[in-house]
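Novice: As you go down the protein sequences, you meet chains H and P in turn.
Be aware that the first sequence starts at 1, since it is given in our numbering, and climbs by one per residue.
Be aware that the second sequence starts at 339, since it is given in our numbering, and climbs by one per residue.
Virtual Cβ for every residue (Gly too), placed ideally from N, Cα, C.
This one's a predicted model, so the numbers in the text were calculated from it and none came from an experiment.
Number of protein chains: 2
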Amino acid sequence: MVELSLPETLRWQNNELSLLDQRKLPAEIVYQRVDHLQDAWLAINNLTVRGAPAIGIAAAYALALSMRAREQLGKADFISVLNQNAQYLNSCRPTAFNLSWATRRICVAGQRQPTYQGLIEEAVCIHNEDLAICQAIGKHGAHLIQSGNNVLTHCNAGSLATSRLGTATAPMYEQHAAGVKFQVIVDETRPLYQGARLTAWELDYAGIDVRLICDNMAATLFAHNQIDLVLVGTDRVTANGDVINKIGTLNLAILCRHFGVDFYVACPSSTFDANTPTGDDVNIEQRPNDEVLGTHAAKVRAFNPAFDITPAALVSGIITEHGVTTAENLSRFLNDLQ
Amino acid sequence: MVELSLPETLRWQNNELSLLDQRKLPAEIVYQRVDHLQDAWLAINNLTVRGAPAIGIAAAYALALSMRAREQLGKADFISVLNQNAQYLNSCRPTAFNLSWATRRICVAGQRQPTYQGLIEEAVCIHNEDLAICQAIGKHGAHLIQSGNNVLTHCNAGSLATSRLGTATAPMYEQHAAGVKFQVIVDETRPLYQGARLTAWELDYAGIDVRLICDNMAATLFAHNQIDLVLVGTDRVTANGDVINKIGTLNLAILCRHFGVDFYVACPSSTFDANTPTGDDVNIEQRPNDEVLGTHAAKVRAFNPAFDITPAALVSGIITEHGVTTAENLSRFLNDLQ
């Protein structure tokens with residue numbers, strides 16, 4: 001057994017919320033206290049905290065905190081102020097599905113029990129659920145990583161995006177804690193370098209053997225049999241099993257198909273979007289040219305799609321907190337649980 | 339017809355050699371005069387001039403220049419100094435095949451005609467041959483680019499790597515000059531950004547419609563039918579037709595196969611290496627970790643292979659100055675010319 005040391009994405013201690021400032025990683029490890037609702041708005045908006053589950057947890061605590069010592073308002077006004085605060089917080093990253101989901105849960109809890117303590121209990125519950133979900137993903141996916149394997153991942157579906165174990169990284173941390181030796185190849189993930197800045201850092205922090213590569217180097221590693229498994233997270237799985245994830249994911253799925261290597265996706269079952277039929281029905285965010293051009297490139301036009309769509313047929317399996325299934329079968333798999 | 343405006347990679351005027359300083363592109367267009375052999379040594383070593391043909395031409399002129407007003411030495415001493423100077427110049431980038439090839443040609447010319455003028459004539463000959471080769475590649479490859487097409491290229495096999503038209507870019511410049519409208523998608527080409535810094539700049543300079551992408555974005559463009567052709571250069575083609583080129587090339591060839599898009603390679607026939615059986619017999623240069631890590635990444639280990647190997651079977655065709663053939667057939671095609 002190896003002791004698992006992970007950075008704390010967020011801290012909830014003595015009724016205080018602190019966030020690891022991910023914009024400063026890997027150069028500095030700095031925590032930022034969230035005293036006012038405005039602090040949380042800004043922290044989520046400016047990517048101090050990022051990753052869908054981590055945003056949800058931070059928002060839940062911040063919204064609950066904003067109602068401290070407000071019980072004297074009376075039930076109706078308490079709920080009214082709570083809803084206003086939720087609406088304000090939701091506006092900091094309007095497309096973040098988990099943000100409004102978490103604030104809605106706090107609001108619903110407030111209607112049942114309109115007290116600061118009631119809201120905090122719901123926030124703690126959201127936090128604990130995420131801890132349990134990541135742990136279950138880790139257990140269900142662990143068998144995919146064997147001693148001596150080289151596992152490739154992309155972007156950051158890691159500890160820093162969640163409460164603790166991450167999604168794509170959970171099976172890695174599970175096996176690492178069990179003493180299994182393997183190497184993780186991390187795609188740097190242009191244009192924003194989440195792999196280079198965040199994933200490589202947190203895996204290295206935990207003591208896992210990491211190698212960073214540029215996104216265009218994976219193919220030659222595959223060709224030399226140096227990749228045994230690709231394991232990534234996802235922002236959304238559509239009804240037919242298509243996987244929406246950070247730009248560059250589709251490229252890896254095609255390399256896996258070409259070289260006969262498994263391509264797995266890890267995510268909480270809440271990532272499944274039954275209301276969107278296929279990946280083609282998802283509006284892919286186009287981000288500014290400047291992120292691609294940086295300071296060194298010619299001043300030309302760029303393309304900068306933030307996500308790509310990996311067809312269900314290229315996905316070997318999806319690892320959820322309830323177990324592993326195929327992308328095509330995910331809908332039925334989740335229905336059968338109900 | 340469109341007037342074709344291209345940057346001058348090097349200038350030979352009034353017995354003076356000047357090199358476009360490619361390290362300062364795209365921010366500044368600065369020419370550096372080469373007065374002494376040491377200037378040339380440094381300019382090739384520090385990548386002021388880069389690209390196999392351009393290095394060869396610059397070295398040829400610089401070596402000839404180093405023998406100005408040395409005829410009084412007498413034939414034996416003239417040749418001896420010439421050979422010493424050649425050996426010194428070859429040491430600035432010892433693995434650059436074209437460098438020693440060009441200096442050898444100047445030395446052989448010096449034995450025939452041990453005069454400054456004789457050497458300069460040979461250098462001009464090398465220069466003119468490259469102009470003609472690039473032009474012939476452009477003519478032979480032009481039909482591959484049709485009006486409205488989107489052509490993807492990687493790294494810089496462009497004007498900046500040669501005398502003028504480039505190799506992979508020659509068919510683009512040919513069609514652009516003929517008034518054909520098309521778009522070129524340029525891979526930024528991590529870790530050294532030759533696509534972002536050089537190719538995007540020179541194509542834009544010529545008035546071609548350019549879009550820059552990160553290397554991990556090509557797959558999603560293919561998936562949306564936004565790539566009609568991939569056209570790249572090569573550093574070496576082995577006897578069996580395997581293509582050695584900048585890291586990231588293999589990735590594109592696999593995407594082409596997956597999506598049914600043509601993958602063409604453009605190169606002078608001198609790039610064919612009959613003495614190396616297959617790509618696996620080529621020693622791939624591993625470059626320093628720091629190029630991948632940059633200033634933002636976690637301090638971890640990296641992989642940084644400079645080149646990858648695209649199997650002949652993934653190559654739709656090779657465009658040479660003598661015409662187009664398949665990679666597997668290149669050896670016979672070149673033999674039949676002799």
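To the nearest angstrom, report how far apart P/Ala-515 and P/Gly-486 are at their CA atoms.
Specialist: As a position in the second sequence, residue 515 of chain P is number 177, starting the count at 1. As a position in the second sequence, residue 486 of chain P is number 148, starting the count at 1. When rounded, the separation of the alpha-carbon atoms in P/Ala-515 and P/Gly-486 is 15 Å.
Novice: Measuring alpha carbon to alpha carbon, tell me which of H/Ala-161, H/Leu-82, H/Ala-59, H/Ala-62 ends up nearest H/Arg-70.
Specialist: The residue you call residue 70 of chain H lines up with position 70 of the first sequence. It is H/Leu-82.
Novice: Less than 8 Å between the CB atoms is what I'm expecting for P/Ala-557 and P/Tyr-511, so what's the real figure, rounded?
Specialist: The residue given as residue 557 of chain P occupies position 219 in the second sequence. The residue given as residue 511 of chain P occupies position 173 in the second sequence. Not really, about 27 Å apart at Cβ, beyond 8 Å.
Novice: Which residues share a DSSP beta bridge with P/Asn-583?
Specialist: Residue numbering aside, residue 583 of chain P sits at position 245 when the second sequence is read from its first letter. Its beta-bridge partners are P/Asp-646.
Novice: Figure out for me which residue from H/Thr-199, H/Thr-115, H/Thr-276, H/Phe-272 has the closest Cα to the Cα of H/Leu-339.
Specialist: Chain H is shown from 1 up to 338; residue 339 of chain H falls before or after that span and cannot be answered.
Novice: Is any beta-carbon of chain P found at less than 9 Å from that of H/Glu-188?
Specialist: Taking the first residue of the first sequence as 1, we reach residue 188 of chain H at position 188. It does; some Cβ of chain P falls within 9 Å.
Novice: I'd like to know whether the C-beta atoms of H/Ile-318 and H/Ala-266 end up nearer to each other than 9 Å.
Specialist: As a position in the first sequence, residue 318 of chain H is number 318, starting the count at 1. As a position in the first sequence, residue 266 of chain H is number 266, starting the count at 1. Contact flag set, yes.
Novice: If the cut is a Cβ gap below 7 Å, which residues of chain P does H/Trp-201 touch?
Specialist: Within the first sequence, the letter at position 201 stands for residue 201 of chain H. Simply Ala-636.
Novice: Which value, in whole angstroms, describes the spacing of the CA atoms of H/Asn-289 and P/Leu-403?
Specialist: On the first sequence, residue 289 of chain H is found 289 positions in, with the first residue counted as 1. On the second sequence, residue 403 of chain P is found 65 positions in, with the first residue counted as 1. Using only the alpha carbons, I get a separation of about 45 Å.
Novice: Taking a contact to mean a Cβ-Cβ separation below 9 Å, would you say P/Tyr-399 touches P/Ile-458 in this structure?
Specialist: Along the second sequence, read from residue 1 onward, the residue named residue 399 of chain P stands at position 61. Along the second sequence, read from residue 1 onward, the residue named residue 458 of chain P stands at position 120. For P/Tyr-399 and P/Ile-458, yes; Cβs fall inside 9 Å.
Novice: Do you know offhand how far P/Glu-366's Cα is from H/Phe-259's?
Specialist: By 1-based counting over the second sequence, the position of residue 366 of chain P is 28. By 1-based counting over the first sequence, the position of residue 259 of chain H is 259. Between the C-alpha atoms of P/Glu-366 and H/Phe-259 there is a straight-line separation of about 43 Å.
Novice: Could you tell me if H/Asp-187 is buried or exposed, where buried requires 16 or more neighbouring beta carbons within 10 angstroms of its beta carbon?
Specialist: If you number the first sequence from 1, residue 187 of chain H lands on position 187. Classification for H/Asp-187: buried.
Novice: Looking at P/Val-653: is its Cβ nearer than 9 Å to the Cβ of P/Ala-644?
Specialist: Numbered from 1 along the second sequence, position 315 holds the residue referred to as residue 653 of chain P. Numbered from 1 along the second sequence, position 306 holds the residue referred to as residue 644 of chain P. For the 9 Å CB-CB criterion, P/Val-653 and P/Ala-644 do not form a contact.
Novice: Can you give me the C-alpha to C-alpha distance between H/Asn-128 and H/Ile-106, rounded to a whole angstrom?
Specialist: The count along the first sequence starts at 1 and reaches residue 128 of chain H at position 128. The count along the first sequence starts at 1 and reaches residue 106 of chain H at position 106. Approximately 14 Å, taken between the alpha carbons.
Novice: On a CA-only basis, which of P/Arg-371, P/Gln-410, P/Gly-586 is nearest P/Leu-355? Give me that one, please.
Specialist: On the second sequence, residue 355 of chain P is found 17 positions in, with the first residue counted as 1. It is P/Arg-371 whose Cα lies nearest to the Cα of P/Leu-355.
Novice: I'd like to know whether the C-beta atoms of P/Gln-532 and P/Leu-503 end up nearer to each other than 9 Å.
Specialist: The residue labelled residue 532 of chain P in the question sits at position 194 within the second sequence. The residue labelled residue 503 of chain P in the question sits at position 165 within the second sequence. No, the pair does not count as a contact, with Cβ atoms beyond the cut-off.
Novice: With H/Thr-162 and H/Thr-295 assumed to form a contact (beta carbons below 8 Å), what rounded beta-carbon distance in angstroms separates them?
Specialist: Counted from its first residue, the first sequence places residue 162 of chain H at position 162. Counted from its first residue, the first sequence places residue 295 of chain H at position 295. About 32 Å; that fails the 8 Å criterion.
Novice: Taking 9 Å as the threshold (C-beta atoms), are H/Met-217 and P/Gly-586 in contact?
Specialist: Residue 586 of chain P sits at position 248 when you count from the first residue of the second sequence. Residue 217 of chain H sits at position 217 when you count from the first residue of the first sequence. Cβ atoms of P/Gly-586 and H/Met-217: closer than 9 Å.
Novice: Taking the straight line between their C-alpha atoms, what separation do you get for H/Phe-97 and H/Ala-52?
Specialist: As a working note, residue 97 of chain H is residue 97 in the first sequence. As a working note, residue 52 of chain H is residue 52 in the first sequence. Near 7 Å, if we compare the C-alpha coordinates of H/Ala-52 and H/Phe-97.
Novice: Helix, strand or coil, according to DSSP, for H/Arg-50 in the structure here?
Specialist: As a position in the first sequence, residue 50 of chain H is number 50, starting the count at 1. H/Arg-50 falls in the coil class under three-state DSSP.
Novice: At a Cβ cut of 8 Å, what residues of the segment 211–243 of chain H count as close to chain P, listed as they run along the chain?
Specialist: Shown in chain order are the members of the segment 211–243 of chain H whose Cβ falls below 8 Å from a Cβ of chain P: Arg-211, Leu-212, Ile-213, Cys-214, Asp-215, Asn-216, Met-217, Ala-218, Ala-219, Thr-220, Leu-221, Ala-223.
Novice: What is the rounded straight-line gap between the Cα of H/Val-124 and the Cα of H/Leu-131?
Specialist: Numbered from its first residue, the first sequence carries residue 124 of chain H at position 124. Numbered from its first residue, the first sequence carries residue 131 of chain H at position 131. Their Cα atoms are separated by approximately 10 Å.
Novice: Consult DSSP for P/Ser-485 and reduce its assignment to one of helix, strand or coil.
Specialist: Sequence index remark: in the second sequence, residue 485 of chain P carries index 147 (1-based). Looking at P/Ser-485 - three-state DSSP - the assignment turns out to be coil, as it is neither helix nor strand.
Novice: Please classify H/Arg-70: does DSSP put it in a helix, a strand, or coil?
Specialist: As a working mapping, residue 70 of chain H is identified with position 70 in the first sequence. Three-state result, H/Arg-70: coil.
Novice: For H/Thr-261, which residues in the same chain have their Cβ closer than 8 Å to its Cβ, ignoring the five residues on either side in sequence?
Specialist: Taking the first sequence and counting its residues from 1, the one referred to as residue 261 of chain H is at position 261. The amino acid occupying residue 261 of chain H in the given sequence is Val; Thr does not appear at that position. Hits under 8 Å: Phe-222, Ile-227, Asp-228, Leu-229, Val-230, Leu-255.
Novice: Would you report the Cα separation of P/Thr-309 and P/Gly-394, rounded to the nearest angstrom?
Specialist: As shown, chain P starts at 339 and ends at 676. That puts residue 309 of chain P outside it, with no answer to give.
Novice: Under three-state DSSP, which class holds H/Thr-103?
Specialist: Indexing the first sequence from 1 puts residue 103 of chain H at position 103. Helix.
Novice: Is H/Arg-301 near P/Arg-549, with beta carbons less than 9 Å apart?
Specialist: On the first sequence, position 301 is the one that residue 301 of chain H refers to. On the second sequence, position 211 is the one that residue 549 of chain P refers to. For H/Arg-301 and P/Arg-549, yes; Cβs fall inside 9 Å.
Novice: How would you list, in chain order, the residues of chain H whose beta-carbon sits under 8 Å from the beta-carbon of P/Arg-535?
Specialist: Translated into the one-based positions of the second sequence, residue 535 of chain P becomes position 197. Neighbours of P/Arg-535 on chain H, chain order: His-296, Ala-297, Ala-298.
Novice: Look at the Cβ atom of P/Thr-491, then the Cβ atom of P/Val-570, and state whether they are nearer than 9 Å.
Specialist: Residue mapping note: residue 491 of chain P aligns to position 153 of the second sequence, counting from 1. Residue mapping note: residue 570 of chain P aligns to position 232 of the second sequence, counting from 1. In contact: P/Thr-491 and P/Val-570 (Cβ atoms closer than 9 Å).
Novice: Would you mind telling me which residues of chain H sit closer than 7 Å to P/Gly-586, beta carbon to beta carbon, in chain order?
Specialist: Position 248 of the second sequence, counted from the start, is the residue given in the question as residue 586 of chain P. Neighbours of P/Gly-586 on chain H, chain order: Asn-216.
Novice: According to DSSP, what are the bridge partners of H/Gln-183?
Specialist: As a position in the first sequence, residue 183 of chain H is number 183, starting the count at 1. H/Gln-183 is bridged to H/Asn-150, H/Asp-209.
Novice: Leaving aside the five residues before and after H/Cys-155 along the sequence, list all residues of the same chain whose C-beta is less than 8 Å from its C-beta, in chain order.
Specialist: Counted from its first residue, the first sequence places residue 155 of chain H at position 155. Result list for H/Cys-155: Asp-187, Thr-189, Gln-194, Gly-195, Thr-199, Val-232, Gly-233, Asn-245, Lys-246, Gly-248, Thr-249, in chain order.
Novice: Could you tell me whether the Cβ of P/Asp-628 comes closer than 9 Å to any Cβ of chain H?
Specialist: For the purposes of this step, residue 628 of chain P is taken as the residue at position 290 of the second sequence. Chain H, which has no Cβ nearer than 9 Å to the Cβ of P/Asp-628, makes this no.
Novice: How many angstroms separate the CA atom of H/Asn-90 from the CA atom of P/Ala-480?
Specialist: For the purposes of this step, residue 90 of chain H is identified with residue 90 of the first sequence, where counting begins at 1. For the purposes of this step, residue 480 of chain P is identified with residue 142 of the second sequence, where counting begins at 1. Spanning the two alpha carbons is a distance of roughly 54 Å.
Novice: Would H/Glu-321 pass as a contact of H/His-36 if the rule is Cβ separation under 9 Å?
Specialist: Start at 1 with the first residue of the first sequence, and residue 321 of chain H comes out as number 321. Start at 1 with the first residue of the first sequence, and residue 36 of chain H comes out as number 36. No, they are not a contact pair.
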